[in-house]
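Under my numbering, the residue at position 84 of the sequence shown is numbered 73, and the numbers go up by one with no gaps.
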Amino acid sequence: MHKPEIRSMSATRINPVGHFRRFFLRGLAVVLPATLTLWVLVQAYLWVDRSIAEPINSGIRYGIIRLYGNWPTLGDMTGVIPTSEEMIELRLADGLPSDDVSNDRQLIFDYQAVVVNSWWTDYFLVRMIGLVVAIAAVYFAGRLVGGLVGRWAYRGFERFLTSIPVIKKIYSWIKQIVDFLFSNQGKKQMKFNRVVAVEYPRRGIWSVGFQTGEAMKSIVPKSGDSVTVFIPSSPTPFTGYTVTIPRADLIELPISVEEAIGFAISAGVLRPPSQSLSASPETSED
């Protein structure tokens, strides 16, 4: 008599470790990009707040506090002045009798300093004043330099800086980098929108880079029609090598700068969809 085949339970049993690992990695792939993006934005804001906004806010707080000290009636006008009960507490805290008014002016000044500092602690919009002032200062500096008097003053200030031996080298180096990044006049404009492939560091090895400009005048007689190419390093594309390549030896790639940077950061793992030789097989889901 034929017995029905009994399927082994172990054949259909789900491995809990593998099951958890698969879905955990899938969730990580979903959550991690957004989390890292938010982290980068938060860190950028904290750096700007700490390095730019806070020094300006400190100067503003100091100016307001000194204004209260030099203009005592300002406390009455703005309401930033201790009450009678608070004055008694301040005198006692300073080791003075409750009716001793000899040091009241300093006590009131210290009280106003605490109040002014608390504005920046308690109110987020007040903390943004330093950042707004920094943006406005940069804008008006640009407007000022755009005028005749502003250009004259800027050149005089620049001549003064370059006359100081140590500062001259540092300032000149930083100015060259800033001019390279922000200049938009004629050929000085940085052209970083062409992604190319070149044979580097030797024939037969292809590297992805960015065409940044024309070759230097002294090289052209030997190299012919050539261009400069920046070849980024992996996984830090902000460093790399700048080489001069004959234009005929370039292969222009139909990809964006962002895709090329992603290719460099991931060491070639992330390829632009248009550059995949075959479609990736879809992973079946249980």
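Think of the CB as a built atom: it goes at the ideal place given N, C-alpha and C, for glycine as much as any other residue.
CA-to-CA distance, residue j to residue i, given in whole angstroms
i	j	result
F252	L259	5 angstroms
R236	I250	22 angstroms
L239	P5	52 angstroms
L27	D88	56 angstroms
G136	S207	36 angstroms
L14	L25	16 angstroms
F12	P261	26 angstroms
V29	W162	28 angstroms
E74	E43	34 angstroms
F146	K157	12 angstroms
R55	L120	22 angstroms
T228	W36	22 angstroms
Member of the options whose CA lies at the smallest distance from the CA of residue i
i	options	result
I118	L14, S245, I244 and S47	S47
F199	I208, S212 and F219	F219
S222	T201, E241, F12 and S196	S196
D214	L63, G202 and V246	G202
N59	V167, Q101 and K164	Q101
L79	E188, P261 and F98	F98
P243	G229, D168, V185 and V232	V185
V216	V138, M66 and V187	V187
S255	P226, S212 and Y160	P226
S245	M205, R183 and T228	R183
Classification of residue i by the beta-carbon crowding that lies within 10 angstroms, buried from 16 upward
i	result
Q264	exposed
A23	exposed
Y57	buried
Q174	For Q174, the predicted model reports a pLDDT of 49, less than 50, meaning its position is unreliable and no value from the coordinates is stated.
Q178	With a pLDDT of only 49 at Q178, under 50, the local geometry of the prediction cannot be trusted, and the value read off the model is given with reservation. So Q178 counts as exposed.
V103	exposed
I159	exposed
V19	exposed
L96	buried
I194	exposed
For the 8 angstroms Cβ check, are there 3 or more pairs between the stretch 55 to 75 and the stretch 124 to 131? no
I'd like to know if the stretch 92 to 102 and the stretch 72 to 83 are in contact, where contact means that at least 3 CB-CB pairs between them fall below 8 angstroms. yes
Touch check for the stretch 48 to 62 and the stretch 101 to 115: three-plus C-beta pairs under 8 angstroms? Yes, they touch.
Write down every uninterrupted run of the alpha helix (DSSP H) in the stretch 111 to 170 whose length is 4 residues or greater and which is fully enclosed by it, in chain order. 113 to 116, 118 to 134 and 137 to 151
- Message: Threshold first: 3 residues or longer. Then list the beta strand (DSSP E) segments lying entirely within the stretch 212 to 272, N to C.
- Response: 215 to 221 and 229 to 235
- Would you mind listing the alpha helix (DSSP H) stretches within the stretch 52 to 77 that are 4+ residues and don't spill past its ends, in chain order? 62 to 67
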